[in-house]
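Numbering (my numbering), first residue to last: 4 to 294. Just so you know, even glycine gets a beta-carbon here, dropped at the ideal spot from N, CA and C. One structure is given below, encoded as structure tokens.
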Amino acid sequence: MAKIERPVSEFNSELKLKGFNVWQLEADSHATRIYNRKDFYKICLTTGKSIIHYADRSFEHEGTILFFGNPHIPYSWETLSTTYVGYTVLFSEDFFSSLGRSESLQHSPLFKIGGTPIVSLDEKQRDLLNTMFLKMIEEQKSDYAYKDDLIRNYINLIIHEALKIQPSVSFDQHKNAAGRLTSVFLELLERQFPVETIDRPLKFKTAQDYALSLNVHANYLNRAVKEITGKPTTAHITERIVNEAKALLQHTDWNVADIAYALGFEYPTYFNNFFKKVTGTNPTSFRELLV
4 MAKIERPVSE FNSELKLKGF NVWQLEADSH ATRIYNRKDF YKICLTTGKS IIHYADRSFE
64 HEGTILFFGN PHIPYSWETL STTYVGYTVL FSEDFFSSLG RSESLQHSPL FKIGGTPIVS
124 LDEKQRDLLN TMFLKMIEEQ KSDYAYKDDL IRNYINLIIH EALKIQPSVS FDQHKNAAGR
184 LTSVFLELLE RQFPVETIDR PLKFKTAQDY ALSLNVHANY LNRAVKEITG KPTTAHITER
244 IVNEAKALLQ HTDWNVADIA YALGFEYPTY FNNFFKKVTG TNPTSFRELL V
């Protein structure tokens, strides 16, 4: 089966533990980092000058900050300093939830949509958090049988230390709430693509899926998207899935059933009917026309 080339990512391709990795940032130049791993929460402790674009907001900061990234919220990072130092930890919700917490990280004030993901630190706070990151790096390398539990506790301590500090609020925001929500929806939609492997089907397939992720009612999301773009939420989702289906039919040798599954359809017949309704032809015929 043909492979789809993965987008370039700054992250290590293999996590040190299942669902976890931590490392020290190296000195950098004027580079733009775009974080495109779709499955992992991120906490960065950094010192330098940067601009962070988080969903529909932008934040420029010089000094030491903690940044909390949610895989369900699009964001990117522009480094403005010639040197940039600190630490990054990646972890999945499954890894963290092994602590027995029932509340999703998506609802945390630091990670949720509409929350404030950036916390400014003074020197004393930075030194304390530096120690925690160094401890995680040390444990990651160790042979201690329960190191994953210990690491989860360090992550939890970092989160609680951040919650005790007043979050930074100096963001530039869209004035229009509908525009703000639409911007986040469209970026979240695009983050699901390209589909890279068969065993990782689309997580969000309906307007309701996106609304739940964004913590809004589906009708409210639809009104906002239609007001700004002139098209309902479902139309955007349908167009993007169809475009991806066409790309997979053209550029891979996956069979139709595999493509259907990768795009979130429970049965190939559902995908066939969907594709034909939108394009006027079925997937097999479309592929044959390309030969």
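Q | Rounded distance between the beta-carbons of Phe136 and Leu93, thought under 8 Å | A | By one-based count along the sequence shown, residue 93 stands at place 90. By one-based count along the sequence shown, residue 136 stands at place 133. Their Cβ separation, rounded to whole angstroms, is 12 Å, which puts Leu93 and Phe136 out of contact at 8 Å.
Q. Among the residues of its own chain, which have a CB less than 8 Å from the CB of Phe289, if the five just before and after it don't count?
A. Taking the sequence shown and counting its residues from 1, the one referred to as residue 289 is at position 286. Cβ within range, chain order: Lys249, Leu252, Phe278 and Thr282.
Q) Do you know offhand how far Glu126's Cα is from Leu132's? A) Here residue 126 is taken as the residue at index 123 of the sequence shown, counted from 1. Here residue 132 is taken as the residue at index 129 of the sequence shown, counted from 1. Cα to Cα, the separation comes out at about 10 Å.
Q | Thr209 at chain B interface by Cβ criterion, 8 Å | A | The displayed structure is made up of one protein chain only, and chain B is not part of it.
Q | Under the three-state DSSP convention, the category His33 falls into | A | By one-based count along the sequence shown, residue 33 stands at place 30. Confidence in His33 is poor, its pLDDT being 39 and thus under 50, which makes the residue's placement unreliable; the coordinate value appears in the next sentence. Coil.
Q | Cβ contact check for the stretch 188-196 and the stretch 229-244: 3 or more pairs under 8 Å | A | yes
Q) Does the separation of the CB atoms of Ser186 and His75 fall below 8 Å? A) Position 183 of the sequence shown holds residue 186. Position 72 of the sequence shown holds residue 75. No; because the gap between Cβ atoms is not below 8 Å, this pair is not in contact.
Q) CB-CB under 6 Å to Glu65, same chain, minus the five flanking residues each way: which ones, in chain order? A) Reading the sequence shown from its first residue, position 62 is the one you call residue 65. The residues are Lys52.
Q. What's the C-alpha gap between Glu142 and Pro197?
A. The residue given as residue 142 occupies position 139 in the sequence shown. The residue given as residue 197 occupies position 194 in the sequence shown. So the two alpha carbons sit approximately 35 Å from each other.
Q | DSSP three-state assignment for Lys280, whether helix, strand or coil | A | Here residue 280 is taken as the residue at index 277 of the sequence shown, counted from 1. Correct three-state label for Lys280: helix.
Q: Specify the secondary structure class of His56 as computed by DSSP and reduced to three states.
A: Within the sequence shown, numbered from 1, the residue matching residue 56 stands at position 53. Strand.
Q: Measure the alpha-carbon distance for Asp2 versus Arg226 and round it to whole angstroms.
A: This structure gives no information on residue 2, because the portion of the chain shown stretches from 4 to 294.
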